[in-house]
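This report concerns only the one structure given below.
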Amino acid sequence: MKLQVKPSEISGTIIAPPSKSCTHRAIVLASLAKGTSKIEKALICKDTTATIQAMEAFGATIKEDNDKLSIRGGRLKAPIEPIDCLNSGTTLRLCSGIASLMDNNITLTGDESLKGRPMKPLLNAFTEMGVYCVSTSKGITIRGPNNGRWTHIRGDVSSQFISSLLISSALKPRDTDIVITSPLVSKPYIDITTSMMAQFGVRCSETKDGYRVMGGQSYRPREYVIPGDYSSAAFALGAGAISGKVTVTGLDPNDVQGDRLIIDFLREFGADVSISGDSVTVVKSELEGINADIGNCPDLFPILAVIGTQAEGVTTLYNAAHLKHKESDRIAAVVTFLRNMGADIDETDDGCIIRGKCNLTGCTVNPNGDHRILMAAVVAAMSASGKTIITDGGCYDVSYPAFIKDFNTLGADLEEVE
């Protein structure tokens with residue numbers, strides 16, 4: 075399937091999709107808790123479906139009712155067949171931690187893109203704690219038990235490594251010290267993990283070198299409501315700044331999500347941003363370039379780059395070298411499609427430099443299966459002259475199944491074509 079996008083002026087209100095990060099974690103934590111948890115407003119998409127299926131393989135009973143999940147957990151078992159994580163890095167990494175607790179060979183696999191994602195630092199951390207780990211072209215095989223007292227992990231590749239160690243370490247019989255050996259990126263995602271662990275009854279603490287998790291703890295079942303997702307809402311909010319007026323509801327202004335920084339960045343650009351309760355409204359404005367450190371919110375890189383093309387002056391996005399290890403090399407992918415549209419943009423080691431304001435022209439964009447590249451390309455195409463064709467046009471459903479419906483509601487000239 076392909077998407078066709080034409081220049082658009084948009085206006086309207088949509089509801090923020092549920093947080094993918096919180097949905098993943100809620101499914102895992104509820105599956106580890108002894109008893110039945112109720113999860114409301116869950117995001118059901120390809121990535122979270124991978125986590126549901128993985129936790130069912132580990133012994134959880136999960137019932138779906140639209141966006142509600144009933145999860146009975148606490149009865150871990152070793153899966154017999156390999157667990158297919160599809161394209162979900164979160165699923166692969168969190169489930170690797172669970173696999174490390176069991177004294178059976180457990181194999182985790184996924185599509186070709188996922189098999190190319192970094193895992194070595196996490197596997198090395200497990201190996202340091204006595205876990206058997208081997209990686210082949212068919213996937214990763216892990217065998218515990220995990221009885222290590224401490225381990226070391228890089229902090230500059232993926233915060234999901236640390237989240238995996240935190241969640242699994244609470245179920246070990248002994249305490250675990252996690253020593254982070256390089257600058258930590260995307261810390262807000264770890265904050266989401268520790269906050270949700272606490273809500274499911276498990277505590278951990280920060281140390282001067284990383285984290286300490288007390289052993290012998292148990293997750294407790296609970297009711298949990300998934301918050302709105304700033305990561306996905308950022309595309310609509312960014313579109314409002316350059317193409318009209320957009321209100322997104324269902325966003326908690328006090329949420330710990332790192333991508334809540336989209337509001338601060340939009341204001342730095344000079345956008346007209348207002349907040350009322352759980353609603354954020356952005357109105358098209360004259361924008362000026364900014365310098366943005368996106369180390370803690372790398373998922374904002376694609377939409378911030380698009381906004382930068384419509385701002386006067388230079389926009390520099392930096393401290394996001396770890397984006398090279400996402401579903402695609404996101405830095406190169408964004409620079410390539412915006413340059414093809416006519417943007418004056420250069421790639422750097424950890425981001426990009428944009429010299430605006432740029433006159434964009436529609437072209438053909440291949441997101442190569444990366445949902446955030448597709449959504450950023452749609453927003454860029456709305457402010458470009460002519461039409462844009464986006465191949466692999468269905469990959470948005472990895473994280474935002476209602477993306478096309480929501481943007482059509484706002485008035486975007488966006489349609490599926492053969």
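Following the working numbering, the numbering of the sequence shown begins with 75 at its first residue and continues without gaps.
Positions of the beta carbon are idealized from the N, C-alpha and C atoms, including for glycine.
message: By the DSSP assignment, the alpha helix (DSSP H) with A131 in it spans what residues?
response: Your numbering for residue 131 matches position 57 in the sequence shown. Residues 120-131.
C-alpha distance - I236 paired with I264, whole-angstrom precision: Within the sequence shown, numbered from 1, the residue matching residue 236 stands at position 162. Within the sequence shown, numbered from 1, the residue matching residue 264 stands at position 190. Cα to Cα, I236 sits roughly 7 Å from I264.
- request: Please determine, among G229, R191, T462, the residue with the shortest C-alpha to C-alpha distance to P257.
  value: For the purposes of this step, residue 257 is identified with residue 183 of the sequence shown, where counting begins at 1. In terms of Cα proximity to P257, the closest of G229, R191, T462 is G229.
- request: Please report how far the alpha carbon of Q166 lies from the alpha carbon of I113, in whole angstroms.
  value: On the sequence shown, residue 166 is found 92 positions in, with the first residue counted as 1. On the sequence shown, residue 113 is found 39 positions in, with the first residue counted as 1. A quick correction: the sequence has Leu, not Gln, at residue 166. Spanning the alpha carbons of L166 and I113 requires a straight line of approximately 21 Å.
message: Extract the residue ranges of the beta strand (DSSP E) inside the stretch 231-283, only unbroken runs of 3 or more that lie entirely within it.
response: For the stretch 231-283, whole beta strand (DSSP E) runs of length 3 or above, ordered along the chain, are 250-254, 278-280.
field: C169 - containing alpha helix (DSSP H), residue span
entry: The residue you call residue 169 lines up with position 95 of the sequence shown. 163-173 is the extent of the alpha helix (DSSP H) around C169.
Where N365 sits in the DSSP three-state scheme: For the purposes of this step, residue 365 is taken as residue 291 along the sequence shown, with counting starting at 1. The answer is strand: DSSP assigns N365 an E or B state.
task: Could you tell me the distance, in whole angstroms, from the CA atom of I266 to the CA atom of S93?
output: Translated into the one-based positions of the sequence shown, residue 266 becomes position 192. Translated into the one-based positions of the sequence shown, residue 93 becomes position 19. Answer to the nearest angstrom: the Cα atoms are 11 Å apart.
- prompt: Among the residues of its own chain, which have a CB less than 7 Å from the CB of S359, if the five just before and after it don't count?
  reply: Locating residue 359 in the sequence shown gives position 285, counting from the first residue. Contacts found: A315, G344, A345, D346.
message: Can you confirm whether the stretch 78-89 touches the stretch 471-491 when touching is taken to mean that 3 or more C-beta pairs between the two stretches lie within less than 8 Å?
response: Touching, yes.
- prompt: Using a Cβ-Cβ cut-off of 6 Å (strictly less than) and excluding sequence neighbours within five positions of A407, which residues of its own chain qualify?
  reply: On the sequence shown, residue 407 is found 333 positions in, with the first residue counted as 1. Excluding residues within five positions, the ones whose Cβ falls inside 6 Å are I447.
- prompt: From what residue to what residue does the beta strand (DSSP E) around K212 run?
  reply: To locate residue 212, count along the sequence shown from 1; it is residue 138. According to the DSSP assignment, K212 belongs to no beta strand (DSSP E), since it is labelled neither H nor E.
message: Does D139 pass the burial test, meaning 16 or more other C-beta atoms within 10 Å, or should it be called exposed?
response: Working through the sequence shown from its first residue, we reach residue 139 at position 65. Looking at its Cβ environment, which holds fewer than 16 other Cβ atoms inside 10 Å, D139 is exposed.
field: DSSP state of R404 mapped onto helix, strand, coil
entry: To locate residue 404, count along the sequence shown from 1; it is residue 330. Helix at R404.
query: Exposed or buried, what is G382 when buried is set at 16 or more other beta-carbons lying within 10 Å of its beta-carbon?
result: Against the sequence shown, residue 382 aligns to sequence position 308. Burial call: buried.
query: Opposite G86 in the DSSP bridges: which residues?
result: Against the sequence shown, residue 86 aligns to sequence position 12. Beta-bridge analysis with DSSP links G86 to V320.
- prompt: Which residue comes first and which comes last in the alpha helix (DSSP H) that contains C96?
  reply: Locating residue 96 in the sequence shown gives position 22, counting from the first residue. For C96, the enclosing alpha helix (DSSP H) stretches over residues 94-106.
- prompt: Considering only C-alpha positions, which residue in the set I126, T183, P262 is nearest to N328?
  reply: Against the sequence shown, residue 328 aligns to sequence position 254. In terms of CA proximity to N328, P262 leads the group I126, T183, P262.
- request: Pick out whichever of L335, V452, G302, V354 has its Cα sitting closest to the Cα of D141.
  value: By one-based count along the sequence shown, residue 141 stands at place 67. When only C-alpha atoms are compared, the closest one is G302.
- prompt: Helix, strand or coil: how does DSSP classify R149 here?
  reply: Taking the sequence shown and counting its residues from 1, the one referred to as residue 149 is at position 75. Correct three-state label for R149: coil.
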